[in-house]
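Data block below; observations after.
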Amino acid sequence: MLRVAIIDDHEIVRAGLREMLAEEMGIDVAFEAASGEEALERLRETGCDVLLLDLALPGQSGVDVLRTLRQRHAALRVLVLSGYPEERYALAMIRNGADGYLCKECGRDELLQAIRTVAQGRRYLSPRSAELLAEELVDGSPPALHQQLSGRELQIFLRLSRGQTVSEIGGELNLSVKTVSTYRTRLLEKLGVGSNAELAAYAVRNGLMLE
Amino acid sequence: MVVHAIPHRLLKVALIEDSSLLCRTLEESLGELAGVDVVGQAEDERSAIELLQRQRPDLAIVDLQLRAGSGLGVLRALSRHPDQFGHPRAVVFSNYGQALLREHCFALGVERFFDKATQMGELLAYVRQAMPS
Chain C
1 MLRVAIIDDH EIVRAGLREM LAEEMGIDVA FEAASGEEAL ERLRETGCDV
51 LLLDLALPGQ SGVDVLRTLR QRHAALRVLV LSGYPEERYA LAMIRNGADG
101 YLCKECGRDE LLQAIRTVAQ GRRYLSPRSA ELLAEELVDG SPPALHQQLS
151 GRELQIFLRL SRGQTVSEIG GELNLSVKTV STYRTRLLEK LGVGSNAELA
201 AYAVRNGLML E
Chain W
1001 MVVHAIPHRL LKVALIEDSS LLCRTLEESL GELAGVDVVG QAEDERSAIE
1051 LLQRQRPDLA IVDLQLRAGS GLGVLRALSR HPDQFGHPRA VVFSNYGQAL
1101 LREHCFALGV ERFFDKATQM GELLAYVRQA MPS
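Note that the protein sequences, when read in sequence, are chains C and W. Position one of the first sequence corresponds to residue 1 (our numbering), numbered consecutively onward. Position one of the second sequence corresponds to residue 1001 (our numbering), numbered consecutively onward.
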């Protein structure tokens, strides 16, 4: 029996997924959680094979949760199921340890196929993600700058673009102000921007604000 | 000679919706359509199911987010035991428009899925064409 966990802050979305998966032979819903914190808590007692992770969560974002999961639950397969299209986050999430990325505009069959694929220890790329990856392989079309950020850089990028200060971010992520500043310098360089305001503008322009 | 118009059969509509403001708005708009009779409203899953059993409407307009339970529970009841409810048609009127959720609703027998933010007009047009002629 394949045990699947559902992490999404919208009750209706969880209910829809739960019902959809319950009808499927060989799949069991291990637990549901409305936030990343709750998911990490539940994982202490309840095991699961595949975790469906939304990105826009209250508190810790899916980006934060993915990073923690990779450190604490290396064997767990993580399928990001996001309201954002692949262009925004797919490659960045896969680069940072997600086993697959699906947009909620996918169909039921695709979701089931993705769950089964990652459960076998393989990666799942939606046709659109695969296309983006192929474009990246071809000379002359580099991936979007933000898709090249590391997990930490992405976490800090999203917080800075929301207007959080370096010391607030240090507090939330348990990092020294100096370390956060170093990440900030590096990611400003990678994104080719000069200030927090430009960084926020970049996030808005590319539809990266996680709300 | 006075010719009396033959009274049309009314389209009985039930509103399953937890926002009283939206419920009022819908009821007013539906009330303006000749031939529509709004037979009741419910704002949670259990009272929705009771309402539908009692009134046996022709059409249920169902929001997914309800005060308690969910519209999915209502739709599931309709699809499992249609006889108890007189086989009403059902449409969803919701903020949750993602394809994955829409597909699940269609699997539960929903005819149409209308987005609350943008498709009130389409919903009313649907009701208009659903009226018995």
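Note that beta-carbon positions come from the ideal geometry of N, C-alpha and C, so glycine has one too.
Distance from the CA of C:Leu-210 to the CA of C:Leu-76, rounded to the nearest whole angstrom, comes to 24 angstroms. Where C:Asp-28 is concerned, the enclosing beta strand (DSSP E) starts and stops at 27–33. For C:Tyr-101, the enclosing beta strand (DSSP E) stretches over residues 100–103.
Residue range 1059–1062 is occupied by the beta strand (DSSP E) that includes W:Ala-1060. Under the three-state reduction of DSSP output, W:Tyr-1096 falls in the coil class, being neither helix nor strand. For the segment 1087–1108 of chain W, the set of positions with a beta-carbon nearer than 7 angstroms to some beta-carbon of chain C reads Tyr-1096, Gln-1098, Ala-1099, Leu-1100, Leu-1101, Glu-1103, His-1104 in chain order. By the Cβ test, the segment 1034–1045 of chain W is in contact with the segment 1060–1076 of chain W, since at least three Cβ pairs between them sit closer than 8 angstroms. Residues of the segment 1054–1072 of chain W with a C-beta atom less than 7 angstroms from some C-beta of chain C are Leu-1064, Gln-1065, Ser-1070, Leu-1072, listed in chain order. In the structure shown, C:Gly-62 adopts helical secondary structure according to DSSP, grouped into three states. In the three-state DSSP reduction, W:Lys-1012 falls in the strand class (E or B). The C-beta of C:Met-1 has fewer than 16 other C-beta atoms within 10 Å across all chains shown, which makes the residue exposed. Assignment of C:Ser-195 by DSSP, reduced to helix, strand and coil, places it in the coil class. Around the beta-carbon of C:Val-138, fewer than 16 other beta-carbon atoms lie within 10 Å, marking it exposed. The DSSP-derived three-state label of C:Val-177 is helix. Per DSSP, W:Gln-1053 lies in no beta strand (DSSP E); the unbroken alpha helix (DSSP H) holding it starts and ends at 1045–1055. Considering only beta carbons, the part of the segment 13–32 of chain C lying closer than 8 angstroms to chain W consists of Val-13, Ala-15, Gly-16, Leu-17, Glu-19, Met-20, in chain order. For secondary structure counted as the beta strand (DSSP E) over 3 or more consecutive residues, the segment 100–154 of chain C holds these complete runs in sequence order: 100–103.
In the DSSP assignment, C:Val-13 falls within the alpha helix (DSSP H) that extends over 11–22. For C:Ala-119, the number of other beta carbons within 10 angstroms of its own is at least 16, and it is reported as buried. By the Cβ neighbour-count rule, C:Ala-15 is buried, with 16 or more other Cβ atoms within 10 Å of its own. Scanning its chain for C-beta atoms nearer than 8 angstroms, with the 5 sequence neighbours on each side dropped, one finds around W:Glu-1027 the residues Leu-1015, Val-1038, Gln-1041, in chain order.
Around the Cβ of C:Arg-159, a 10 Å sphere holds 16 or more other Cβ atoms; the residue is buried. Nearest to C:Ala-200 by alpha-carbon distance, out of C:Glu-24, C:His-146, C:Glu-87, is C:His-146. Residues Leu-1124 of the same chain have their beta carbon placed closer than 7 angstroms to that of W:Ser-1029, with the five preceding and five following residues left out of the count. Listed along chain W, the residues sitting closer than 9 angstroms to C:His-10 by beta-carbon distance are Gln-1065, Tyr-1096. Sorting C:Ser-61, C:Leu-132, C:Asp-49 by C-alpha distance to the C-alpha of C:Ser-82 places C:Ser-61 at the top. Annotation: the continuous alpha helix (DSSP H) that includes W:Ser-1020 extends over 1020–1031. Residues of the segment 81–112 of chain C with a Cβ closer than 7 angstroms to any Cβ of chain W, in chain order: Gly-83, Lys-104, Glu-105, Cys-106, Gly-107, Arg-108, Leu-111. W:Arg-1080: member of the alpha helix (DSSP H) spanning 1071–1080, first to last residue. For C:Gln-164, the secondary structure class from DSSP, reduced to helix, strand or coil, is coil.
Under the three-state reduction of DSSP, C:Val-204 is assigned to helix.
Burial state of C:Gly-59 is exposed, judged by a 10 Å Cβ sphere holding fewer than 16 other Cβ atoms.
Beyond the five residues adjoining it in sequence on each side, C:Glu-11 comes within less than 8 angstroms, by CB distance, of Ala-34 in the same chain, given in chain order. DSSP places C:Arg-77 in no alpha helix (DSSP H) but in the uninterrupted beta strand (DSSP E) bounded by 77–82.
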